[in-house]
Amino acid sequence: MILISLLAIVLLALAVAGFTVLNARRKASASGEADSDSQSFVGGVLSALFTVVLAFYIVFAWQNGDDIDKASQQETNALIDVYWQSSVAPQQQASAIQSTITQYTARVADQEWLAHDAGEADPEAEQLLAELRSQVLALPADSEALKTSREQSLQDIRQITEHRQQRVTIATDDQSFNVVLLVASILGAVLMIAFPLLIGLSMRPANVAVMALLAVTLGFTVYMSFELLHPFSGPFGVDPDSFNAAQETFQTASRPTS
117 MILISLLAIV LLALAVAGFT VLNARRKASA SGEADSDSQS FVGGVLSALF TVVLAFYIVF
177 AWQNGDDIDK ASQQETNALI DVYWQSSVAP QQQASAIQST ITQYTARVAD QEWLAHDAGE
237 ADPEAEQLLA ELRSQVLALP ADSEALKTSR EQSLQDIRQI TEHRQQRVTI ATDDQSFNVV
297 LLVASILGAV LMIAFPLLIG LSMRPANVAV MALLAVTLGF TVYMSFELLH PFSGPFGVDP
357 DSFNAAQETF QTASRPTS
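Per the working numbering, residue 117 is the first one in the sequence shown, and the count goes up by one each step.
Right under this line is the structure:
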């Protein structure tokens, strides 16, 4: 996919360079009819609008990835706390809770993350979270330590639910606002290339090289902008590192001590 995109950008640059040569302005320059001041003004306005729209798009699209990362960290911190809080419960119930937490963490990292990239949530992960809630609610509270552990675990589960819902919302959102900004950015990129070609340029090597470089730059910018629409994959995608790290913590904790 990356190689195809790079090839498309190179072909775009060659096409723009070829069109610049074929559409070289001669008569207007020679007759003095070209209004360079007006053309420079319009070109500057188009450049400014493109830059502003692109900047807004990058900020909003990047924020999705940042929100996912923060929500995942908070979610796994709460999962780890419930895991340790359950250690004061009776052995059978503690083992059941820790097993459910381990299953949920693995399910999110291995399955739900892929579902998020497809714009979906994983019902099995939601089911495991509901099971965890039921297990904690069933804990006895006949001692101060158990009561404290149960209350803290329930608070953690509320946090887990809230942060999971946050990343599910981002994953299932159609991102209509970001799509509008992306379309506007693409239109701006097209105008940035089309405008100097339409008004005509001389076929001096410097002009041809500048137009080819502009095409490469804008083509790469548009490609990376498309990648920002996928916060769970691609070069800017957020990996389930927090959940993988939590799995390692649980595996270490479950190993028997010698």
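Glycine included, every Cβ here is placed at the ideal spot set by N, Cα and C.
Just the C-alpha distance for Leu329 and Ala177, rounded to the nearest angstrom, thanks.
26 angstroms
Secondary structure, alpha helix (DSSP H): runs of 4+ residues fully inside the region 265-326
292-315
For Leu345, does the three-state DSSP call read helix, strand or coil?
coil
State the CB to CB distance for the pair Glu191 and His279, rounded to an integer number of angstroms; the pair is presumed to be in contact (CB under 8 angstroms).
4 angstroms
Pair within 7 angstroms by beta-carbon distance, Phe352 and Val224
no
Does the beta-carbon of Leu314 have 16 or more other beta-carbons within 10 angstroms, so that it is buried, or is it exposed?
exposed
How long is the line joining the alpha carbons of Val354 and Val306, rounded to whole angstroms?
30 angstroms
Please tell me whether Gln219 and Leu244 are closer than 7 angstroms, where the distance is taken between their beta carbons.
yes
Based on Cα-Cα distance, which residue from Thr368, Gln275, Ala331 lies nearest to Lys186?
Gln275
Within the same chain, show all residues whose beta-carbon is closer than 8 angstroms to that of Phe166, passing over the 5 residues directly before and after it, in chain order.
Ser301, Gly304, Ala305, Leu307, Met308
Check each candidate in Val198, Asn294, Ala231, Thr285 and name the one with the smallest Cα separation from Glu267.
Val198
Beta-carbon proximity check, Arg283 vs Ile184, cutoff 7 angstroms:
yes
How is the alpha helix (DSSP H) around Pro239 delimited, first residue to last?
239-253
In chain order, what residues of the same chain lie with their CB nearer than 8 angstroms to the CB of Thr368, ignoring the 5 residues before and after it?
none
For His346, I'd like the list of residues in its chain whose CB is within less than 7 angstroms of its CB, leaving aside the five on either flank, ordered along the chain.
Asp233, Gly353
Assign Phe352 to one of three DSSP states: helix, strand, or coil.
coil
CB Glu343 to CB Gly335, shorter than 7 angstroms?
no
Where Thr337 and Val169 are concerned, what is the direct C-alpha to C-alpha distance, given to the nearest angstrom?
13 angstroms
Please classify Ser370: does DSSP put it in a helix, a strand, or coil?
helix
Can you grab the Cα-Cα spacing for the pair Leu253 / Glu228, in whole Å?
25 angstroms
Going straight from the alpha carbon of Ala210 to that of Ser202, what length do you get?
5 angstroms
Quick check on this structure: which residue in Leu162, Ala164, Asn180, Asp258 has the alpha carbon closest to the alpha carbon of Asn294?
Asn180
Would you report the Cα separation of Glu242 and Gln281, rounded to the nearest angstrom?
10 angstroms
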